[in-house]
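J.: What follows is a structure written as structure tokens; I'll ask about it next.
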Amino acid sequence: TMEDSPEVQFEAFSLAVTVFKKILHDTRLPQNSFTFAFFLKACANLLPPSAQREQLALHAFQRCCRDGQVSPEVISRLKQLCSEDVLQIALQNINVGAGTKQIITKQPNRQHKKT
């Protein structure tokens with residue numbers, strides 16, 4: 553957490569990056585939306601707000617999109633890490649793969665037709 557010393561935070565974040573990369577690169581390890589949500593959570597908890605933290609989060613989110621692992625939890629974590637402008641750009645380019653549940657980021661007013 554942010555209350556820990558910078559050294560402890562750096563060590564914890566380095567471990568999170570190592571585990572995240574191992575999961576992404578080792579086909580024997582299962583990868584799902586929680587893989588990305590927990591990494592984004594580590595970014596939020598262990599890195600101070602900065603442009604680099606935002607870019608790291610975006611990079612992870614782009615990979616998440618590419619792998620078809622976008623979920624409401626991933627989007628929620630991304631919202632904690634990015635400015636509104638960057639978030640809008642990231643979310644307008646969501647690429648959910650075939651068979652992936654569609655994520656709705658804004659709920660427009662909908663009128664249902666009676667059939």
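No gaps in the numbering here: position 4 of the sequence shown is 556 in the numbering used here, and each next residue is one more.
The beta-carbon is built from N, C-alpha and C at its ideal position, and this holds for glycine as well.
With respect to the alpha helix (DSSP H) encompassing valine 622, which residues constitute its N-terminal and C-terminal limits?
T.: Premise fails: valine 622 is in no alpha helix (DSSP H) and is neither H nor E.
J.: I'd like to check one pair, alanine 564 with alanine 589: are the Cβ atoms closer than 9 Å?
T.: Pairing alanine 589 with alanine 564 gives a Cβ-Cβ distance that is not under 9 Å.
J.: If you follow the alpha helix (DSSP H) that aspartate 637 is in, where does it begin and where does it stop?
T.: 636–644
J.: Using only CA atoms, which one of Phe572, Glu559, Asp556 and Thr579 lies nearest to histidine 611?
T.: Phe572
J.: Looking only at its own chain, which residues have a Cβ that is under 6 Å from the Cβ of serine 623, when we skip the five neighbours before and after it?
T.: Ser585
J.: Buried or exposed: which applies to alanine 603, given that a residue is buried once 16 or more other Cβ atoms fall within 10 Å of its Cβ?
T.: Looking at its Cβ environment, which holds fewer than 16 other Cβ atoms inside 10 Å, alanine 603 is exposed.
J.: Scan the stretch 561–613 and note each continuous alpha helix (DSSP H) run of 4 residues or more that stays entirely inside, going in chain order.
T.: Fully contained in the stretch 561–613 are the following alpha helix (DSSP H) runs of length 4 or more, in chain order: 585–598.
J.: Rounded to whole angstroms, what's the CA-CA distance from glutamine 640 to glutamine 583? Just pull it up for me.
T.: A direct Cα-Cα distance of roughly 26 Å separates glutamine 640 from glutamine 583.
J.: So, at 6 Å on beta carbons, what are the nonlocal neighbours of phenylalanine 591 in its own chain, with the 5 sequence-adjacent residues on each side left out?
T.: In the same chain as phenylalanine 591, and ignoring 5 residues on each side of it, the C-beta atoms closer than 6 Å to its own belong to Phe572 and Ala612, in chain order.
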